[in-house]
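Visitor: For the protein sequence lines, the chains are A and B, in the order given. Position one of the first sequence corresponds to residue 395 (this note's numbering), numbered consecutively onward. Position one of the second sequence corresponds to residue 3 (this note's numbering), numbered consecutively onward.
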Amino acid sequence: MPNIPGDPKFSAWPDDHNELNQDGIVAAYNRGFIGAKDDPAARERLRSESMFGAMSDAAHANNWADSHAGKLVAAWVPLVKRFPRCLPGKAQQRGSCVVHSTRNAHLLLMTGDIVTGRIDEKTGKAEDWPEISPEGEANSILQTATWYWFRGSNGDGWSCSTAVNVAKNRIGAALCKNYPELGVDLTLCNGRNEGLYGGRQPPEAWVKLFSAHMIRESSYCESFEEVRDALGNGYGITTCGSEGYSSTRDENGVSARRGSWAHAMAFIGADDRAETKSKYGGPLVLVQNSWGQFNSGPRRVMGTDLEIPHGSFWARWADVRRREIIAISGFAGWPRRKLPDYGGSLAG
Amino acid sequence: MTTQKWLLIGGALLALSALGNQQPDAPASPSTPVVVPVDASLQSSLQVVRQLAAQHKEAAAKLGPFYRAAADVVRRDDGKLGTTGQFRAGKIGADALYLQRTPLVGSVPGWGAAVDAVIIAAVGLEDKALDATSRAKLADALVAIADAAEGR
Numbered sequence: 395m396p397n398i399p400g401d402p403k404f405s406a407w408p409d410d411h412n413e414l415n416q417d418g419i420v421a422a423y424n425r426g427f428i429g430a431k432d433d434p435a436a437r438e439r440l441r442s443e444s445m446f447g448a449m450s451d452a453a454h455a456n457n458w459a460d461s462h463a464g465k466l467v468a469a470w471v472p473l474v475k476r477f478p479r480c481l482p483g484k485a486q487q488r489g490s491c492v493v494h495s496t497r498n499a500h501l502l503l504m505t506g507d508i509v510t511g512r513i514d515e516k517t518g519k520a521e522d523w524p525e526i527s528p529e530g531e532a533n534s535i536l537q538t539a540t541w542y543w544f545r546g547s548n549g550d551g552w553s554c555s556t557a558v559n560v561a562k563n564r565i566g567a568a569l570c571k572n573y574p575e576l577g578v579d580l581t582l583c584n585g586r587n588e589g590l591y592g593g594r595q596p597p598e599a600w601v602k603l604f605s606a607h608m609i610r611e612s613s614y615c616e617s618f619e620e621v622r623d624a625l626g627n628g629y630g631i632t633t634c635g636s637e638g639y640s641s642t643r644d645e646n647g648v649s650a651r652r653g654s655w656a657h658a659m660a661f662i663g664a665d666d667r668a669e670t671k672s673k674y675g676g677p678l679v680l681v682q683n684s685w686g687q688f689n690s691g692p693r694r695v696m697g698t699d700l701e702i703p704h705g706s707f708w709a710r711w712a713d714v715r716r717r718e719i720i721a722i723s724g725f726a727g728w729p730r731r732k733l734p735d736y737g738g739s740l741a742g
Numbered sequence: 003m004t005t006q007k008w009l010l011i012g013g014a015l016l017a018l019s020a021l022g023n024q025q026p027d028a029p030a031s032p033s034t035p036v037v038v039p040v041d042a043s044l045q046s047s048l049q050v051v052r053q054l055a056a057q058h059k060e061a062a063a064k065l066g067p068f069y070r071a072a073a074d075v076v077r078r079d080d081g082k083l084g085t086t087g088q089f090r091a092g093k094i095g096a097d098a099l100y101l102q103r104t105p106l107v108g109s110v111p112g113w114g115a116a117v118d119a120v121i122i123a124a125v126g127l128e129d130k131a132l133d134a135t136s137r138a139k140l141a142d143a144l145v146a147i148a149d150a151a152e153g154r
């Protein structure tokens, strides 16, 4: 069973205006705010409604089980090359970590679809990066609010399974931009936009517009191998759990366990290299938090020229293995734009 | 180094790295002319290639094998060139590897646009999956370009 707080009641969010600065957010989680809660019924529903409830079944069915054994899976790299400012993005301003993790999983999935040239199963077309303003990029491209509007209350905190269920069945991803046709500006991923709805649901016209970019499948991961291969094959991963971590990274970007956060965070990389396992006693996963640049320390990936994003840290698999880990797939993204030409020739 | 040597090196790089997946026992490009049925819509685009080849016979004859090899790679590919966009990227890389720092650079003004027009007539500009049909169309177009370049 995932290691998530089972208390059905959320802790009170410590600010009347539902918006905190970064220090306030960190303090709230450290004091025990429950941003990620366990919902066994939602988990069972999501598992039963998925084509492959277990990621290992999907991996074997698609012939990529163990495809990334022994490798460093740098799944975040193409995303930050294309959009250098999108991770970590703006720190969450209220207890909406679950949708920030869901959003980051969508970003990784979108990246996987694009860089692998995976053809959308419904449209039959390749997908491309969306067009986004600099401000939209700084807000991490995809709006967190749409999913959060379906949390069913005006309070804060949610479950990863329910959020993924909503992303599959109720409402999709929206770009961080102005929507004059709806009379709402969703450029900013902030507490205000996330709080527009919750206890009541958004208008049907909004739901219709934002249903174009949904995910189609999800699977639970219970082993490092499932996480590693899912990320290596371009899936996104959102997780919920109760482990806290040090706000400083060691010389290789690894953070040790410290304290307890009832919190959701995305996995955006995996390191299964022999030298890594030798040094840290096992494989690592790269965790992307949603608190902005809340931590410090080296970001260089051991033995490479790569850097992990700000606000992220490597964690030992042994420290995160009890989290609720959900891989998402089948994102209906943005169609690839027409090719300008076939490149001509140096001959003339 | 002679142009011929550069072309040989470029050809090797083309096969080994740019368009990838060469099988050890892969058939060599045919040494005898092969009659390839070409879609009628390609003909007007091909006519421009033929005219350029006629005006620059020596250079065009050296360009022909590139397109014949590319057709071979496209036919044998098992998915690395899964979309027209991936083919475009592969073609750009292979073209550079084949021609860079050889006297063939700039030798046939208008060649790139003319060749692109043939490919566009075959598979369009939409970035889409190369299924069996579009893959065959693309390969046929590349062979037709090779034939036109070599005056066949």
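We treat Cβ as the ideally placed atom computed from N, Cα and C, and that holds for glycine.
Flag this pair as yes or no: are the beta carbons of Glu443/A and Ser555/A separated by less than 8 Å?
Guide: no
Visitor: If you measure beta-carbon to beta-carbon, which residues of the segment 720-742 of chain A are closer than 9 Å to chain B?
Guide: Pro729, Arg730, Arg731, Lys732, Leu733, Pro734, Asp735, Tyr736, Gly737, Gly738, Ser739, Leu740, Ala741 and Gly742
Visitor: Looking only at C-alpha atoms, which of Gly727/A, Trp728/A, Asn683/A and Ser739/A sits nearest to Leu481/A?
Guide: The option with the nearest alpha carbon to Leu481/A is Asn683/A.
Visitor: Helix or strand or just coil, what does DSSP make of Glu611/A?
Guide: In the structure shown, Glu611/A falls within a strand segment according to DSSP collapsed to helix, strand and coil.
Visitor: Starting from the N-terminal side, write out each stretch of the alpha helix (DSSP H) that is 4 residues or longer and does not extend beyond the segment 583-647 of chain A.
Guide: 585-588, 598-603 and 618-626
Visitor: Is there a Cβ from chain A that is less than 8 Å from the Cβ of Leu140/B?
Guide: Interface residue (Cβ-Cβ distance to chain A less than 8 Å): Leu140/B is not classified as such.
Visitor: Output needed in chain order: residues of the segment 503-532 of chain A with a Cβ under 8 Å from some Cβ in chain B.
Guide: Gly511, Ile513, Gly518, Lys519, Ala520 and Asp522
Visitor: Taking 8 Å as the limit between beta carbons, can you name the residues of its chain near Asn23/B, skipping five residues before and five after?
Guide: Bear in mind that the predicted position of Asn23/B carries a pLDDT of just 37, short of 50, making it too unreliable to give a figure here.
Visitor: Which residues mark the beginning and the end of the alpha helix (DSSP H) in which Gln487/A is found?
Guide: Gln487/A -> no alpha helix (DSSP H), and no H or E assigned at all.
Visitor: Tell me the rounded alpha-carbon separation between Phe604/A and Ala721/A.
Guide: Roughly 21 Å separates the two Cα atoms.
Visitor: Express the C-alpha separation of Ala469/A and Arg622/A in angstroms, rounding to a whole number.
Guide: 10 Å
Visitor: Just to confirm my understanding: we take Ala741/A, look at its own chain, exclude 5 residues before and 5 after, and list those with CB closer than 8 Å. What are they?
Guide: none
Visitor: Under 8 Å between C-beta atoms, does Lys59/B make it to chain A?
Guide: no
Visitor: So, is His411/A buried or exposed, given that buried needs 16 or more other C-beta atoms within 10 angstroms?
Guide: With a pLDDT of only 48 at His411/A, under 50, the local geometry of the prediction cannot be trusted, and the value read off the model is given with reservation. An exposed status is given to His411/A, since fewer than 16 other beta-carbon atoms sit within 10 Å of its beta-carbon.
Visitor: Taking the alpha carbon of Tyr736/A as the reference point, which residue from Glu152/B, Gly153/B and Asp129/B has its own alpha carbon closest?
Guide: Asp129/B
Visitor: Might you give, ordered along the chain, the residues of its own chain that have their beta carbon closer than 8 Å to the beta carbon of Gly692/A, omitting 5 neighbours on each side?
Guide: Checking the sequence, you will find Pro at residue 692/A rather than Gly. Cβ within range, chain order: Arg643, Asp644, Glu645, Asn646 and Gly647.
Visitor: Please list, in chain order, the chain A residues whose beta carbon lies closer than 9 Å to that of Val110/B.
Guide: Ser739, Ala741 and Gly742
Visitor: Which residues bound the beta strand (DSSP E) around His657/A?
Guide: Arg651 to Asp665
Visitor: Give the residues of chain A in contact with Ile121/B, contact being defined as C-beta atoms less than 8 Å apart.
Guide: Tyr736
Visitor: Could you check whether Ala138/B and Tyr69/B sit closer than 8 Å to each other, using their CB atoms as the reference points?
Guide: No; because the gap between Cβ atoms is not below 8 Å, this pair is not in contact.
Visitor: Do Lys562/A and Ile609/A have their C-beta atoms closer together than 8 Å?
Guide: yes
Visitor: Please state if the CB of Gly663/A and the CB of Val467/A are separated by a distance shorter than 8 Å.
Guide: yes
Visitor: Within 8 Å of any Cβ in chain A, is that where the Cβ of Gly153/B sits?
Guide: no
Visitor: Cα separation between Trp728/A and Gln102/B?
Guide: 35 Å
Visitor: Could you tell me which of Lys64/B, Gly112/B, Thr85/B and Glu60/B sits nearest to Ile513/A, measuring between CA atoms?
Guide: Thr85/B
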